[in-house]
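Chemist:
Protein chains: 2
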Amino acid sequence: MPLFTPIKTLLTASAVALLLSSPAAAEPDATAHVELRGTGDLGVVIERATGSVALVDTTEKTVLRHIEGFGDLSHASVKFTRDARHAFVFGRDGGLTRLDLLTGEIDGRIIQGGNSIGGAISQDGRFVAVGNYEPGGVKVFDVETMELVIDVPATYEKPDGTTDQAKVVGVVDVPGNIFVFSLFEAGEIWTLDMSTDEPELTKYRDVGSMPYDALITPNGRYYIAGLFGEDGMALLDLWHPENGVQRILPDYGRGEERLPVYKMPHLEGWAMAGDQAFFPAVGRNEVLVANTRDWSLTERIEVHGQPIFVMSRPDEQQVWVTFAHPLNDKVQVIDTRTLEVIETLSPGESILHKEFTPRGEHIWISARDSNQITVYDTRTFEVLATLPAESPSGIFFTHRAHRIGL
Amino acid sequence: MPLFTPIKTLLTASAVALLLSSPAAAEPDATAHVELRGTGDLGVVIERATGSVALVDTTEKTVLRHIEGFGDLSHASVKFTRDARHAFVFGRDGGLTRLDLLTGEIDGRIIQGGNSIGGAISQDGRFVAVGNYEPGGVKVFDVETMELVIDVPATYEKPDGTTDQAKVVGVVDVPGNIFVFSLFEAGEIWTLDMSTDEPELTKYRDVGSMPYDALITPNGRYYIAGLFGEDGMALLDLWHPENGVQRILPDYGRGEERLPVYKMPHLEGWAMAGDQAFFPAVGRNEVLVANTRDWSLTERIEVHGQPIFVMSRPDEQQVWVTFAHPLNDKVQVIDTRTLEVIETLSPGESILHKEFTPRGEHIWISARDSNQITVYDTRTFEVLATLPAESPSGIFFTHRAHRIGL
């Protein structure tokens, strides 16, 4: 399969990069400098202005240290290895950087593409996939060696018969050691099966115009892509791939009025609560509720602004919402039993992201322009801690290593 | 509240016990002996015959070491601290033992009761609760110091007006820093709210005759107790405690015929898949399927023997079933889409327990009389490893630290 020709030059490049930042943890005396500790209550916070990350402890609610050298971290994301020791940071500059959470040192960094928007780690923990805008495509690396395993260019055929590269968005891992992702210009969803030595690519064509982001349900069954070019969403039921991609929620999108959209929502933040799914309306100050049995729209909840991240507390009793500029100075909490907004919080200026502790007792919220992270008790809404950080954005805790699609 | 008088003598006892086995990890040179590693892919396997546990690595699929000194581990269970560094082992002899997974050493052990059947760690990670048969009741300890925080005797009033102590079963943690448990002889369910310095006890009376075990749904909403003395189950909706305890699944139990029951099933193994719940029939070679929206019985699936553990693969696409003596030499796999048995495996003699890796790619199964653990690929059913262990029973992986009720 020509799609899978390894790129030797890139292999060399990554090997060199590894030499330059050879694993600190491998040095015998490394353990002397670091504290022996469990990694279950660690996390990283992206500090976009300085290209650094803050290593945090969710038990003590403290920043352990700041680590630099990650390149351009505007719009960066993070995945954790299955042992929860390392974090892979996907940078906007195409950098793929591996951080050792125990030594606090970068033990691997390569520039794998021109413009990366995120990635995923395979179910078995062996592979890390990166989705790229420039050049469009997905590259899969070995988590241990960071060597290129496979390069999948996002080549698609245009109406005029010529071919081009598409931007890759919405890269997720699903059970069966499969990666799923969407091709923006192509309007296609592809799955890459890494379960055998002969990776297998499956393409779903004409899924809709310009998929801009996607999500996977917590059980890894439904892959749902939002469409920028039209209303509605594209749904792939991975339990029944033979049914192909279906269109759901025809009302979902900007609608006839073509409302001004300050920022397209992140679908990663999709929230499930029982058989209800909560998701951000596009261009409207609403959180929408769908019935996950037939994916019909059941409710529109009026909120403070245009929602960006809509996330469910692990016990599914609350949904927390962040908003687009210029109303991004508030966070609202919806009770999933009454579908009412029960709390409005002001954790700072330019709120970008939030993360629940694994069992949901606390939530961490980043406020970029306030240079701080606020930790709340999700039951009492009491502020438990305020931590300094350099223009903090994404917050990621290590329990994600053990969740499908996170 | 007289219920909450701390028992000074026990406090002293536990303090002494701690001195005898003072934390190895605290010694400055301890780190030199141990490998710096993440704790996300660690686990423990109970070795009941030798009162030891096997420390395992789910990435390498190996036993790292065997650790002794846990006392009587027949019917033992394990909970992990929120940093996934320590395991608390609940022994049949009333022993509560804390194992440091990184040093491989016991760094705390107390005999807290006469006969413990399990426990739970609070949502905030601060408290470990132990349920006891002898004397009946729940004791809550500080996870760090292992000192007694609160002692809750399971005192109940008998029909003749006298009081007695009940055996405590089905201890779980739920959101809000609450422990929930059942009183066997009393037919009561109690909740213990540890969210404030003034712990609050709530009692639900007349829930049914002889609750013998209980489970909590993954979101922490429904606490469901099986009844030994009558058919049906007792359900407490923790989102609506004002509704009190309701009776569900009137068919659930031994029925009119009073079938011979070789072993009461473990309800901890309750499996959810979408809005279906799979659970072990009592005394029948059946796995029952209920609709979680109204808790009605929808299906009876014929299986190899009397089911003991019915567990859902994390992606909810399969349910794996172990069986009671004398048919405990097989494991069966049910496809949740077709409700058909798709595989029957023979991992050894006297199969006691099983555990999925966090994202479900593998399952570990313990066969006591074969002195081995078998690791399967859950997609191909291929045997990936066979590991030696001394009469292995319970298998517990560290990702449980991050799940409600596990």
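From first to last, the protein sequence lines are chains A and B.
Sequential numbering from 1 applies to the first sequence in the UniProt record's numbering.
Sequential numbering from 1 applies to the second sequence in the UniProt record's numbering.
Cβ coordinates follow ideal geometry from the N, Cα and C atoms, glycine included.
Taking the straight line between their C-alpha atoms, what separation do you get for residue 239 (chain A) and residue 379 (chain B)?
Modeler: Taking the first residue of the first sequence as position 1, residue 239 (chain A) is located at position 239. Taking the first residue of the second sequence as position 1, residue 379 (chain B) is located at position 379. Their backbone Cα atoms lie some 13 Å apart in a straight line.
Chemist: To the nearest whole angstrom, what separates the beta carbons of residue 91 (chain B) and residue 107 (chain B), a pair I think is in contact under 8 Å?
Modeler: Counting from 1 along the second sequence, the entry for residue 91 (chain B) is found at position 91. Counting from 1 along the second sequence, the entry for residue 107 (chain B) is found at position 107. Not quite, the Cβ-Cβ distance comes to about 16 Å (not below 8 Å), so this is no contact.
Chemist: For a contact defined as C-beta to C-beta under 9 Å, what are the partners of residue 175 (chain A) on chain B?
Modeler: If you number the first sequence from 1, residue 175 (chain A) lands on position 175. Here the neighbours are 313, 314, 315, 317, 359, 360, 361, 378 and 379.
Chemist: Note down, in chain order, each residue of its chain lying with its Cβ closer than 6 Å to the Cβ of residue 332 (chain B), except the 5 sequence neighbours on either side.
Modeler: In the second sequence, the residue the question calls residue 332 (chain B) occupies position 332. Cβ neighbours of residue 332 (chain B) beyond the five flanking positions: 303, 304, 321, 341 and 344.
Chemist: Taking any Cβ of chain B, which residues in the region 216–229 of chain A have a Cβ under 8 Å from it, in chain order?
Modeler: Those would be 219, 220 and 221, in chain order.
Chemist: Can at least three beta-carbon pairs, one atom from the region 77–93 of chain B and one from the region 102–120 of chain A, be found at a separation below 8 Å?
Modeler: At 8 Å Cβ cutoff, the stretches do not touch.
Chemist: If I measure Cβ to Cβ from residue 355 (chain A) and keep anything under 6 Å in the same chain, skipping five residues before and after, which residues do I get?
Modeler: Indexing the first sequence from 1 puts residue 355 (chain A) at position 355. Closer than 6 Å at the Cβ level, and outside the excluded window around residue 355 (chain A), lie 364, 395 and 397.
Chemist: Do you know how far the Cα of residue 182 (chain B) is from the Cα of residue 209 (chain B)?
Modeler: Translated into the one-based positions of the second sequence, residue 209 (chain B) becomes position 209. Translated into the one-based positions of the second sequence, residue 182 (chain B) becomes position 182. Computed Cα separation, rounded: 11 Å.
Chemist: Name the residue from B:197, B:198 and B:300 whose alpha carbon lies nearest to the alpha carbon of residue 338 (chain B).
Modeler: Counting from one through the second sequence, the residue named residue 338 (chain B) turns up at place 338. Among B:197, B:198 and B:300, the Cα nearest to that of residue 338 (chain B) belongs to B:300.
Chemist: Below 8 Å on the Cβ atoms is my guess for residue 123 (chain A) versus residue 359 (chain B); work out the distance and round it to an integer in Å.
Modeler: On the first sequence, residue 123 (chain A) is found 123 positions in, with the first residue counted as 1. On the second sequence, residue 359 (chain B) is found 359 positions in, with the first residue counted as 1. Right, the Cβ-Cβ distance comes to about 5 Å (below 8 Å), so this counts as a contact.
Chemist: Would you list the residues sitting across from residue 236 (chain B) in a DSSP beta bridge?
Modeler: Numbered from 1 along the second sequence, position 236 holds the residue referred to as residue 236 (chain B). Residue 236 (chain B) is bridged to B:223 and B:245.
Chemist: Name, please, each residue of chain A whose Cβ falls closer than 7 Å to the Cβ of residue 142 (chain B).
Modeler: For the purposes of this step, residue 142 (chain B) is taken as residue 142 along the second sequence, with counting starting at 1. Within 7 Å Cβ-Cβ: nothing; residue 142 (chain B) doesn't reach chain A, min ~14 Å.
Chemist: I'd like to check one pair, residue 307 (chain B) with residue 326 (chain B): are the Cβ atoms closer than 8 Å?
Modeler: As a first step, residue 326 (chain B) is located in the second sequence; it is residue number 326 there, counting from the start. As a first step, residue 307 (chain B) is located in the second sequence; it is residue number 307 there, counting from the start. It is not a contact, given that the beta carbons lie outside the stated cut-off.
Chemist: Quick one: list the residues of chain A neighbouring residue 102 (chain B), beta-carbon separation under 9 Å, in chain order.
Modeler: For the purposes of this step, residue 102 (chain B) is identified with residue 102 of the second sequence, where counting begins at 1. Ordered by position in chain A, the residues that pass the 9 Å Cβ test against residue 102 (chain B) are 36, 37 and 38.
Chemist: Please identify, using Cβ separations under 9 Å, the residues of the region 47–73 of chain A that lie next to chain B, in order along the chain.
Modeler: Taking 9 Å as the Cβ-Cβ cut-off against chain B, the residues of the region 47–73 of chain A that qualify are 57, 58 and 59.
Chemist: Among the residues of its own chain, which have a CB less than 6 Å from the CB of residue 251 (chain B), if the five just before and after it don't count?
Modeler: Against the second sequence, residue 251 (chain B) aligns to sequence position 251. Answer for residue 251 (chain B): 297, listed in chain order.
Chemist: So, is residue 400 (chain B) buried or exposed, given that buried needs 16 or more other C-beta atoms within 10 angstroms?
Modeler: Taking the second sequence and counting its residues from 1, one reaches residue 400 (chain B) at position 400. Result: buried.
Chemist: Kindly list, in the order they appear in chain A, the residues whose Cβ is closer than 7 Å to that of residue 125 (chain B).
Modeler: Residue mapping note: residue 125 (chain B) aligns to position 125 of the second sequence, counting from 1. The answer, in chain order, is 59.
Chemist: In whole angstroms, what is the alpha-carbon distance linking residue 386 (chain A) and residue 374 (chain A)?
Modeler: In the first sequence, the residue the question calls residue 386 (chain A) occupies position 386. In the first sequence, the residue the question calls residue 374 (chain A) occupies position 374. Distance between the alpha carbons of residue 386 (chain A) and residue 374 (chain A) is about 5 Å.
Chemist: From the DSSP output, in three-state form, read off residue 327 (chain B) for me.
Modeler: Numbered from 1 along the second sequence, position 327 holds the residue referred to as residue 327 (chain B). Coil.
Chemist: Considering just the uninterrupted stretch of the beta strand (DSSP E) at residue 288 (chain B), what are its terminal residues?
Modeler: In the second sequence, the residue the question calls residue 288 (chain B) occupies position 288. That run of the beta strand (DSSP E) goes 286–291.
Chemist: What does residue 358 (chain A) pair with, by DSSP beta-bridge criteria?
Modeler: Locating residue 358 (chain A) in the first sequence gives position 358, where the first residue counts as 1. DSSP, once it has assigned bridges, lists no residue as partnering residue 358 (chain A).
Chemist: With DSSP as the reference, identify every bridge partner of residue 139 (chain A), one or two as the case may be.
Modeler: For this step, residue 139 (chain A) is matched to residue 139 along the first sequence. Looking at the DSSP assignment, residue 139 (chain A) forms a beta bridge with A:130 and A:151.
Chemist: At what residues does the beta strand (DSSP E) containing residue 376 (chain A) begin and finish?
Modeler: For the purposes of this step, residue 376 (chain A) is taken as the residue at position 376 of the first sequence. It spans 372–377 - the beta strand (DSSP E) in which residue 376 (chain A) sits, taken as one unbroken run.
Chemist: Apply the 10 Å Cβ neighbour rule to residue 315 (chain B) and answer buried if 16 or more other Cβ atoms are within range, or exposed otherwise.
Modeler: Here residue 315 (chain B) is taken as the residue at index 315 of the second sequence, counted from 1. So residue 315 (chain B) ends up on the buried side.
Chemist: Please decide whether residue 98 (chain A) counts as near chain B, where near means a Cβ-Cβ distance under 8 Å.
Modeler: To locate residue 98 (chain A), count along the first sequence from 1; it is residue 98. Residue 98 (chain A) does not count as touching chain B.
Chemist: Is there a Cβ of chain A sitting closer than 8 Å to that of residue 106 (chain B), yes or no?
Modeler: Translated into the one-based positions of the second sequence, residue 106 (chain B) becomes position 106. Cβ-Cβ to chain A under 8 Å: no for residue 106 (chain B).
Chemist: Against residue 368 (chain A), what residues of chain B qualify as contacts under a CB-to-CB distance less than 9 Å, listed in chain order?
Modeler: Here the question's residue 368 (chain A) lines up with position 368 in the first sequence. Those do not exist, as residue 368 (chain A) stays about 27 Å from chain B at its closest Cβ, beyond 9 Å.
Chemist: Of all the options A:215, A:370 and A:292, which has the alpha carbon lying nearest to the alpha carbon of residue 227 (chain A)?
Modeler: Counting from one through the first sequence, the residue named residue 227 (chain A) turns up at place 227. Out of A:215, A:370 and A:292, A:215 has the C-alpha closest to the C-alpha of residue 227 (chain A).
Chemist: Less than 6 Å between C-beta atoms, sequence neighbours within five positions excluded: which residues of the same chain meet that for residue 404 (chain B)?
Modeler: In the second sequence, the residue the question calls residue 404 (chain B) occupies position 404. 220.
Chemist: Specify the secondary structure class of residue 76 (chain B) as computed by DSSP and reduced to three states.
Modeler: The sequence position of residue 76 (chain B) within the second sequence is 76, counting from 1. Reduced to three states, the DSSP call for residue 76 (chain B) is coil.
Chemist: Let me check understanding here. Comparing Cα to Cα, which of A:233, A:172 and A:243 lies closest to residue 218 (chain A)?
Modeler: Taking the first sequence and counting its residues from 1, the one referred to as residue 218 (chain A) is at position 218. Checked all of A:233, A:172 and A:243; the closest Cα to residue 218 (chain A) is A:172.
Chemist: Against chain B, with Cβ distances strictly below 8 Å, would residue 270 (chain A) count as a contact?
Modeler: The residue labelled residue 270 (chain A) in the question sits at position 270 within the first sequence. Answer no: the Cβ-Cβ gap between residue 270 (chain A) and chain B never drops below 8 Å.
Chemist: Whole angstroms are fine: how far does the CA of residue 34 (chain B) sit from the CA of residue 65 (chain B)?
Modeler: The residue labelled residue 65 (chain B) in the question sits at position 65 within the second sequence. The residue labelled residue 34 (chain B) in the question sits at position 34 within the second sequence. Cα-Cα distance, rounded: 12 Å.
Chemist: Between A:236, A:125, A:207 and A:79, which has its C-alpha nearest residue 475 (chain A)'s C-alpha?
Modeler: Residue 475 (chain A) lies beyond the range of chain A shown here (1 to 406); nothing can be said about it.
Chemist: Beta carbons nearer than 8 Å to chain A: which residues of the region 177–198 of chain B have them?
Modeler: Cβ contacts with chain A come from 177 and 195.
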